[in-house]
Each structure stands twice: as C-alpha cells, then as structure tokens.
Amino acid sequence: MALIDLQVDPYAAVQDLTISQRQMIEIARALSANAKLIIMDEPNSSLAQSESERLFAVIDALKARGIAIIYVSHKIEEVLRISDRITVFRDGRYVGTVQREDATEQKIINMMVGRELDRTAISVPDKIGELLLDVRNLVGPGFKNVSFQVRKGEIVAFSGLVGAGRSEVAGALFGARPFTAGEVIFDGRAVRFKSPKQAIRAGIAMVQEDRKVLSLFMNMTIQHNITIAELPYMRQFVTSDSAERRLARQMIRAFDIRLASLDDPVSSLSGGNQQKTVLGRWMATTPKLLILDEPTHGVDVGAKADIYDLIRELAGQGMGVILISSELPEVLALAHRIVVMHEGRITGILDRVDAGEERLMAHATGVVDDFAGTTEART
307 MALIDLQVDP YAAVQDLTIS QRQMIEIARA LSANAKLIIM DEPNSSLAQS
357 ESERLFAVID ALKARGIAII YVSHKIEEVL RISDRITVFR DGRYVGTVQR
407 EDATEQKIIN MMVGRELDRT AISVPDKIGE LLLDVRNLVG PGFKNVSFQV
457 RKGEIVAFSG LVGAGRSEVA GALFGARPFT AGEVIFDGRA VRFKSPKQAI
507 RAGIAMVQED RKVLSLFMNM TIQHNITIAE LPYMRQFVTS DSAERRLARQ
557 MIRAFDIRLA SLDDPVSSLS GGNQQKTVLG RWMATTPKLL ILDEPTHGVD
607 VGAKADIYDL IRELAGQGMG VILISSELPE VLALAHRIVV MHEGRITGIL
657 DRVDAGEERL MAHATGVVDD FAGTTEART
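Per the working numbering, the very first residue in the sequence shown carries number 307; after that it's consecutive.
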C-alpha cells in the first residue's frame with residue numbers, strides 16, 4: 307500500500323471505499339503476489355480526472371520497477387499518455403502494433419474503425435417541427451425552476467458538471483424520479499408520470515447512463531434484451547416467439563449490431579454493441595421523445611460515430627431528442643440548442659452557433675448565469 311501511496315484503513319470494508327481506492331487495492335493485491343505482469347482492463351472508465359492522474363502516476367512507478375503492464379482501454383488520449391507500444395484489435399481481430407513515437411490520435415482512430423473518420427463532418431438535421439415537450443418551472447430533488455422546450459426533430463443537449471442535476475431532471479420526465487412542483491406538457495397535454503411504464507406508453511424512451519446496471523439484463527439473451535420493452539404488448543396477440551425474433555432481427559439490422567447469435571447473452575457484446583442493443587430496444591417502442599444519458603460513455607470511437615449517426619437519423623425522422631453528455635465536443639457537434647445546468651439550476655440556454663467550450667464551462671461552473679435572480683429559465 308505504501309508503494310502505491312494508498313492511505314486507507316487496512317480494516318475498512320471495501321464496499322465503503324471509493325472506486326479509485328478499490329482500483330488501487332487490486333493493484334496492491336497483484337504486487338503482493340510478486341506479479342511481473344499486471345493486466346488492467348479499462349481501469350480508468352469510472353475515475354475522475356484527478357483519480358486518473360493518480361492511477362497514471364502509479365503505472366509510471368510500476369514501469370520504473372520493471373513490472374510489465376498490459377493496459378486495455380478505448381480512450382485514445384490515455385493510451386498515448388502511458389504506453390510504449392500500442393496494439394489495436396477490431397471485431398476480435400488483430401489490426402496492428404505501433405510504437406508510441408510513431409502513433410498519433412488520428413492514426414489510432416483509423417486503425418480502430420478501419421476507415422478515415424472525419425469528426426468535423428458531424429451535422430444536425432435542419433428541419434425542426436412543432437412543439438413536443440414544454441417543461442415549466444420544474445422542481446424536485448436535485449433541481450429547481452427548470453424550464454425548457456423540445457420540438458419535434460430537435461436535439462437539445464444538457465451540459466454541466468457531475469451533480470448539476472441533469473440526470474435528475476431526465477429521471478423526473480421519465481417517471482423514474484419525483485418532482486414536487488411545476489408542469490410538464492408533452493405532445494399537447496399535461497402529464498405527470500408516476501412510473502417509467504406510463505412514460506413509455508405515452509411515447510418517451512430513456513437510455514440511462516450505466517447500461518450494465520440500469521439498462522441491460524446481462525445474463526439474458528440479446529433477443530430478450532431488445533424486445534423486453536415490447537414483450538407485454540406482443541404477447542397479447544402471439545403465442546410463439548416468431549414475432550419477437552423478427553422484431554429483434556429488424557433492430558439488429560437497423561442499428562448494425564454485430565453479434566454471433568441472437569441467443570448469446572448480451573454480456574458477450576462489446577460496449578458499443580451493448581449500447582446499440584439498448585437503443586434498439588427503445589426504438590422498438592416507436593417513441594416520440596428519446597432521452598439519452600451519456601450514450602457514448604464507455605464505447606470506442608467507431609461505435610461512437612455510429613451512435614452519432616443514429617441520433618441524427620432519429621431526429622431527422624421527427625423524433626425529439628434530449629442528450630445528456632459530459633463531453634463538450636459531443637454536445638457542440640450534435641445539439642441544436644444546449645441547456646447548461648449548475649447546482650440544480652439552468653444557467654444558460656444557448657444555440658449551437660453561439661456556444662463554445664469556454665462559454666459552456668463558464669455557465670457550467672456558475673461563473674456566468676443568464677438567469678441569476680430569476681425564478682424561471684425559458685427557451
């Protein structure tokens with residue numbers, strides 16, 4: 307523990323430690339076994355920036371002691387930060403190995419996706435329709451006086467720091483969290499969903515942030531994970547699973563989900579294909595409004611580009627989209643308008659043409675608040 311500078315009570319329960327501390331304990335356990343090679347599989351996926359830097363410092367110290375490390379990650383910037391050699395796999399096949407001094411971000415991306423990926427070419431649909439969602443002065447645990455609108459075919463992004471209240475607002479709209487005051491007008495009528503089931507029936511779908519815990523049934527088949535939201539309605543009319551398989555295949559084709567068999571567990575899929583499975587499930591319910599909470603978290607750049615295409619395509623078909631994302635380039639590339647929150651309040655609603663990373667961060671940190679002193683933020 308001293309070697310990795312881990313200062314915790316040796317008798318503390320592991321469940322009471324932070325994710326970062328648990329990661330360090332796993333490394334300490336490997337060192338106690340005199341390991342000469344340590345394999346780290348996505349060790350940085352749930353760490354904050356400061357915790358990540360500490361992990362990298364530990365890795366540097368281990369390398370200095372002559373310990374070899376295999377580091378598995380989809381985050382290109384950290385791979386370039388810590389690696390001596392970089393090996394890329396795509397669809398389970400070896401693509402190639404490059405020395406760190408010969409590697410660039412664009413070169414690694416091209417190896418990962420098998421093509422040139424122009425990230426500046428992202429655009430959003432031009433056609434926006436009539437009003438779909440009107441939220442007025444919503445108040446609930448973790449947020450207050452939240453007001454905004456979403457039109458058909460519009461992508462409205464929510465930006466802000468962790469704990470700003472974005473996910474809480476989304477949960478309230480989806481019937482998964484309570485709200486104590488305010489009004490929600492959806493598709494022309496006032497609604498107050500008491501459960502996600504009611505929201506789904508009304509035409510709202512939500513892809514939640516932690517797909518493995520909140521969105522997927524990891525031991526169930528890919529087919530059941532895709533069709534489970536529609537199953538209660540399908541089985542009113544059919545007694546076999548033929549319609550279920552047809553629906554699953556339809557979603558697999560539409561979302562380009564790469565799999566060996568429909569009957570494989572969803573845990574066998576890559577992170578990107580798992581996320582596409584969740585999207586396919588909700589698209590099977592033909593929603594009018596799609597809420598996406600960190601939809602590209604934990605997926606590689608190729609799958610991320612595919613998900614961007616899907617979001618734009620759905621908006622182009624007239625679906626309203628609420629996108630919650632902590633990645634500023636993603637927000638700026640995909641959204642028509644951006645709602646910025648700080649400590650449970652909206653501090654700005656910006657058109658994409660007027661927004662930039664510095665301006666978004668100024669609102670996200672509360673340095674700039676367009677609605678200071680008011681009780682309502684409006685589009």
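Virtual Cβ for every residue (Gly too), placed ideally from N, Cα, C. Note that the structure is a prediction, hence the values are computed from the model and not measured.
- Query: Within the chosen definition, does the segment 653-669 reach the segment 484-501 through at least 3 CB pairs nearer than 8 Å?
  - Reply: Proximity of the segment 653-669 to the segment 484-501 falls short of the contact definition, fewer than three beta-carbon pairs being nearer than 8 Å.
- Query: Would DSSP call L595 helix, strand or coil?
  - Reply: Residue state for L595 is assigned as strand, using DSSP reduced to three classes.
- Item | N- and C-terminal bounds of the beta strand (DSSP E) containing F449 | 449-457 is the span of the beta strand (DSSP E), which, as asked, contains F449.
- Message: According to DSSP, S465 sits in a beta bridge with which residue or residues?
- Response: For S465, which the question treats as bridged, DSSP gives the partners V646.
- Query: Which stretch, first to last residue, makes up the alpha helix (DSSP H) that contains D612?
  - Reply: Unbroken alpha helix (DSSP H) run through D612: 607-622.
- Counterpart residues of R442 in DSSP-defined beta bridges: Answer is E489, bridged to R442.
- Let me know the secondary structure DSSP gives D675 once reduced to three states. Coil.
- Would you list the one or two residues that DSSP bridges to P571? Beta-bridge annotation (DSSP): P571 is paired with T527.
- Item | Reduced DSSP secondary structure (H/G/I, E/B, other) of I655 | Of the three classes helix, strand and coil, the one that applies to I655 here is strand, per DSSP.
- State the CB to CB distance for the pair P349 and L361, rounded to an integer number of angstroms; the pair is presumed to be in contact (CB under 8 Å). Their Cβ separation, rounded to whole angstroms, is 6 Å, which keeps P349 and L361 in contact under 8 Å.
- Query: Do M524 and P593 have their C-beta atoms closer together than 8 Å?
  - Reply: With respect to the 8 Å criterion, M524 and P593 are not classified as neighbours on the basis of their beta carbons.
- Task: State the DSSP-derived secondary structure class of G578, mapped to helix, strand or coil.
- Result: Three-state DSSP puts G578 in a helix.
- Item | D315 (DSSP reduced to helix, strand or coil) | When secondary structure is reduced to three states using DSSP, D315 falls in the coil class, being assigned neither helix nor strand.
- Item | Straight-line gap, F449 to E649 (C-alpha atoms, nearest Å) | Each residue's Cα considered, the two are about 7 Å apart.
- Message: Going by DSSP, what residue range makes up the alpha helix (DSSP H) through V475?
- Response: Per DSSP, V475 belongs to the alpha helix (DSSP H) from 472-479.
- Message: Please identify the residue among A482, I461, M330, F499 whose C-alpha is closest to the C-alpha of L616.
- Response: Of the listed residues, the one whose Cα sits closest to L616 is I461.
- Roughly how many angstroms separate the alpha carbons of T545 and P601, rounded to a whole number? In this prediction, T545 has a pLDDT of 42, which is less than 50 and means its spatial position is unreliable; nothing more can be read from the coordinates.
- N-terminal and C-terminal residue of the beta strand (DSSP E) that F395 is part of: Boundaries of the beta strand (DSSP E) harbouring F395: 391-396, taken from the DSSP string.
- Query: Buried or exposed: where does D606 fall if 16 or more other Cβ atoms within 10 Å of its Cβ makes it buried?
  - Reply: The residue in question, D606, is buried, as its Cβ has 16 or more Cβ neighbours within 10 Å.
- Message: So for M540, helix, strand or coil by DSSP?
- Response: Any reading at M540 must be qualified, since the residue scores a pLDDT of 49, below 50, and its modelled position is unreliable; the value itself is stated next. It is helical.
- Using only the heavy atoms of the ligand ATP, determine whether one of them is closer than 7 Å to the beta carbon of T653. Among the ligands in the structure shown, none appear at all, so the ligand ATP cannot be discussed.
- Query: If we count the other Cβ atoms within 10 Å of its Cβ and call it buried at 16 or more, is Q321 buried or exposed?
  - Reply: That one is exposed.
- Sub-8 Å separation of L689 and T533 beta-carbons: Here the chain covers residues 307 to 685 and nothing more, so residue 689 does not appear.
- Item | Three-state class that DSSP yields for T403 in the structure shown | DSSP places T403 in strand when its eight states are reduced to three.
- Query: Hey, how far is the Cα of T688 from the Cα of I506?
  - Reply: There is no way to answer for residue 688, as the model of the chain reaches only from 307 to 685.
- Sequence-distant residues of its chain with Cβ nearer than 7 Å to V314 (five each side left out): Only L323, Q327 meet the Cβ criterion.
- Item | As assigned by DSSP and simplified to three states, the class of I563 | For I563, the three-state secondary structure derived from DSSP is coil.
- Can you list the beta strand (DSSP E) stretches of 3 or more residues lying completely in the segment 343-385, in chain order? Entirely contained in the segment 343-385, the beta strand (DSSP E) runs reaching 3 residues are, in chain order, 343-347, 374-378.
- Message: Taking the beta carbon of V673 as the centre, do at least 16 other beta carbons fall within 10 Å, making it buried, or is it exposed?
- Response: Answer is exposed; the Cβ neighbour count stays below 16.
- Message: Taking the straight line between their C-alpha atoms, what separation do you get for M417 and I434?
- Response: If you take the alpha carbons of M417 and I434, they lie about 36 Å apart.
- Under a three-way DSSP split, which group does L522 fall into? Correct three-state label for L522: coil.
- Message: Applying the 10 Å Cβ sphere with the 16-neighbour rule, what's the burial state of I376?
- Response: By the neighbour-count rule (16 or more Cβ atoms within 10 Å), I376 is not buried but exposed.
- Item | Beta carbon of F480 nearer than 8 Å to that of I510 | Pairing F480 with I510 gives a Cβ-Cβ distance under 8 Å.
- Of the listed residues G586, G577, Q581, nearest to R559 (C-alpha basis): Out of G586, G577, Q581, the CA that lies nearest to the CA of R559 is found in G586.
- Query: Thinking C-beta only, is I628 closer than 8 Å to L598?
  - Reply: In contact: L598 and I628 (Cβ atoms closer than 8 Å).
- Message: If distances are taken between C-alpha atoms only, which option among D432, D676, E489, R391 comes closest to G459?
- Response: The shortest C-alpha separation from G459 is found at D432.
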